[in-house]
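Undergrad: Numbered by the numbering used here, the letters in the sequence shown go through residues 5 to 270 in order. Every residue, glycine too, gets a C-beta built ideally from N, C-alpha and C. Since the structure is predicted, the reported quantities are computational estimates derived from the model, not experimental observations. Before we start, here is the structure in question, set down as structure tokens.
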Amino acid sequence: MIGSQPMELAAHHGQGAPGFCASIPTSFSSIEEARNSLAYNASQCTIILESPDKYSERAPYLQMLTKWGSAVDAFESQNSLSARSIQAIRLLQVNQRFIEMSFAVPPTSITHRETDWDLHLEDCKEIVSLASEALQTSPDALDGVQQRPSFCFDGVLVGPLFAVGHKCRDPFVRREAARLLKKYPRQEGIWDSVLAGRVVDKLISLEEQGLGTVEKSQDVPDCARLNEVQVTFDIEGRLGTIWYKRRLGSPLTGTLIRQFKDHIKW
Numbered sequence: 005m006i007g008s009q010p011m012e013l014a015a016h017h018g019q020g021a022p023g024f025c026a027s028i029p030t031s032f033s034s035i036e037e038a039r040n041s042l043a044y045n046a047s048q049c050t051i052i053l054e055s056p057d058k059y060s061e062r063a064p065y066l067q068m069l070t071k072w073g074s075a076v077d078a079f080e081s082q083n084s085l086s087a088r089s090i091q092a093i094r095l096l097q098v099n100q101r102f103i104e105m106s107f108a109v110p111p112t113s114i115t116h117r118e119t120d121w122d123l124h125l126e127d128c129k130e131i132v133s134l135a136s137e138a139l140q141t142s143p144d145a146l147d148g149v150q151q152r153p154s155f156c157f158d159g160v161l162v163g164p165l166f167a168v169g170h171k172c173r174d175p176f177v178r179r180e181a182a183r184l185l186k187k188y189p190r191q192e193g194i195w196d197s198v199l200a201g202r203v204v205d206k207l208i209s210l211e212e213q214g215l216g217t218v219e220k221s222q223d224v225p226d227c228a229r230l231n232e233v234q235v236t237f238d239i240e241g242r243l244g245t246i247w248y249k250r251r252l253g254s255p256l257t258g259t260l261i262r263q264f265k266d267h268i269k270w
């Protein structure tokens, strides 16, 4: 499990479906078109995100994401939408914002600085706010039933919230991301929100250990921050193993990375 890359959005009908193309209208005609458009264009973005040498080519993709956001805003303002439809839009907006933020932060292979994420606190706040609105208008939440897992394969929330919990070092924002993951159980493919929330809790504990009172992102020094986090789960043994790295030395000149592992139980 890695929380710094966008997860896939599934287009409902794939090739030839409404919106499943590079062209983005001034206003979408349906949520399906908006979803398919984001799925298509997100797949193009992933090529850049997975290739650090192509990072300088990201400008057209950022413009595309901005245009997509405007088309969704226009669709929402022009239509009277049900709570379920608004929830679907918020799910898509979470992923749009997350992809935008991922584009804005240089890969660690280029800068070596986890502190680059500190510049995107407002983006993290917006992702958490949009996710909170989507979760609070879910059928389970509307019925007052929040402990039954919600299965979802194309409305992706767990990955972005996990990324905020990991990469945003603001103590309040990252804890709110963890709270949402645990309060609204969801299963998105292999992603379990409650387990993801527990991992975020552990990452926070590891990073803030020995730092005293943490009131803002800058209170967590680069040397305390975890990167290249990966998690494996032994469900039967109720044990999760967290693999991570920490940089030793200056964030600008330090090149020695030390690998660690830790565990969570539930």
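1. Where does F79 land, buried or exposed, given buried means 16+ other C-beta within 10 angstroms?
2. Considering W247, what are the terminal residues of the beta strand (DSSP E) in which it resides?
3. What is the rounded straight-line gap between the Cα of T245 and the Cα of I90?
4. What three-state label does DSSP hand D174 in the structure shown?
5. Cutting at 7 Å between CB atoms, please list the residues of its own chain near L199, excluding the five before and the five after it.
6. Look at the alpha carbon of D158 and the alpha carbon of E192, and state the distance between them as a whole number of angstroms.
7. Measure how close the beta-carbons of L161 and V76 come, nearest whole angstrom, since I'm counting them as under 8 Å.
8. Are W121 and S221 closer than 9 Å when you measure CB to CB?
9. Under 8 Å, with one C-beta from each stretch per pair, do the stretch 225–235 and the stretch 179–190 reach the 3-pair mark?
10. Per DSSP, which residues does F237 bridge with? Please list them.
11. Using the three-state DSSP reduction, which class does W121 fall into: helix, strand or coil?
12. Helix, strand or coil for Q191 per DSSP?
13. Helix, strand or coil: which one does DSSP assign to F32?
14. CB-CB under 8 Å to E211, same chain, minus the five flanking residues each way: which ones, in chain order?
15. Specify the secondary structure class of N83 as computed by DSSP and reduced to three states.
16. Answer yes or no: do E126 and L66 have a C-beta to C-beta separation smaller than 9 Å?
17. For the alpha helix (DSSP H) containing V299, name the first residue and the last one.
18. Note down the Cα distance separating K58 from I52, rounded to an integer number of angstroms.
19. With a cut-off of 8 Å on the beta carbons, I'd call A135 and L184 a contact; round off their distance for me.
20. For P164, collect the residues of the same chain with a Cβ closer than 6 Å to its Cβ; drop the 5 residues on either side in sequence, then sort them by chain order.
21. Using a Cβ-Cβ cutoff of less than 7 Å, which residues in the same chain neighbour K129 once the five nearest sequence positions on both sides are dropped?
22. Is it buried or exposed, E118, if we count other Cβ atoms within 10 angstroms and call 16 or more buried?
TA: In short, the structure shows the following:
1. Translated into positions along the sequence shown, residue 79 becomes position 75. With 16 or more Cβ atoms within 10 Å of its Cβ, F79 is classed as buried.
2. As a first step, residue 247 must be located in the sequence shown, where it is residue number 243. W247 -> beta strand (DSSP E) spans 243–252.
3. Here residue 245 is taken as the residue at index 241 of the sequence shown, counted from 1. Here residue 90 is taken as the residue at index 86 of the sequence shown, counted from 1. If I take the Cα positions, the gap works out to 37 Å.
4. If you number the sequence shown from 1, residue 174 lands on position 170. In the structure shown, D174 sits in coil (DSSP, three-state: anything other than H, G, I, E or B).
5. Walking along the sequence shown from the start, residue 199 turns up at place 195. Once the five neighbours on either side are set aside, the close Cβ partners of L199 are F237, G244.
6. Taking the first residue of the sequence shown as 1, we reach residue 158 at position 154. Taking the first residue of the sequence shown as 1, we reach residue 192 at position 188. No answer about D158 holds up, because its pLDDT of 49 lies below 50 and its placement is not dependable.
7. For the purposes of this step, residue 161 is taken as residue 157 along the sequence shown, with counting starting at 1. For the purposes of this step, residue 76 is taken as residue 72 along the sequence shown, with counting starting at 1. The Cβ separation is near 17 Å, so there is no contact.
8. Sequence index remark: in the sequence shown, residue 121 carries index 117 (1-based). Sequence index remark: in the sequence shown, residue 221 carries index 217 (1-based). A contact, by the Cβ cut-off of 9 Å.
9. no
10. Counting from 1 along the sequence shown, the entry for residue 237 is found at position 233. Note: F237 sits in a beta bridge opposite G244.
11. Translated into positions along the sequence shown, residue 121 becomes position 117. In the structure shown, W121 sits in a helix (DSSP, three-state: H, G or I).
12. Position 187 of the sequence shown, counted from the start, is the residue given in the question as residue 191. Strand, per DSSP.
13. As a first step, residue 32 is located in the sequence shown; it is residue number 28 there, counting from the start. It is coil, neither helix nor strand.
14. The residue given as residue 211 occupies position 207 in the sequence shown. Closer than 8 Å at Cβ, skipping near neighbours: R173, V224, A228, R229, L230.
15. For this step, residue 83 is matched to residue 79 along the sequence shown. Looking at N83 - three-state DSSP - the assignment turns out to be coil, as it is neither helix nor strand.
16. For the purposes of this step, residue 126 is identified with residue 122 of the sequence shown, where counting begins at 1. For the purposes of this step, residue 66 is identified with residue 62 of the sequence shown, where counting begins at 1. Result no, Cβ atoms of E126 and L66 do not sit closer than 9 Å.
17. Because the chain here runs from 5 to 270, residue 299 falls outside it and cannot be looked at.
18. In the sequence shown, residue 58 corresponds to position 54, counting from 1. In the sequence shown, residue 52 corresponds to position 48, counting from 1. Straight-line Cα distance between these residues: approximately 6 Å.
19. As a working note, residue 135 is residue 131 in the sequence shown. As a working note, residue 184 is residue 180 in the sequence shown. That pair is a contact at about 6 Å.
20. Position 160 of the sequence shown, counting from 1, holds the residue named residue 164. Only V98, F102, I131 meet the Cβ criterion.
21. For the purposes of this step, residue 129 is taken as residue 125 along the sequence shown, with counting starting at 1. For K129, where only same-chain residues beyond five positions count, the Cβ hits under 7 Å are V177.
22. Residue numbering aside, residue 118 sits at position 114 when the sequence shown is read from its first letter. Buried is the call here.
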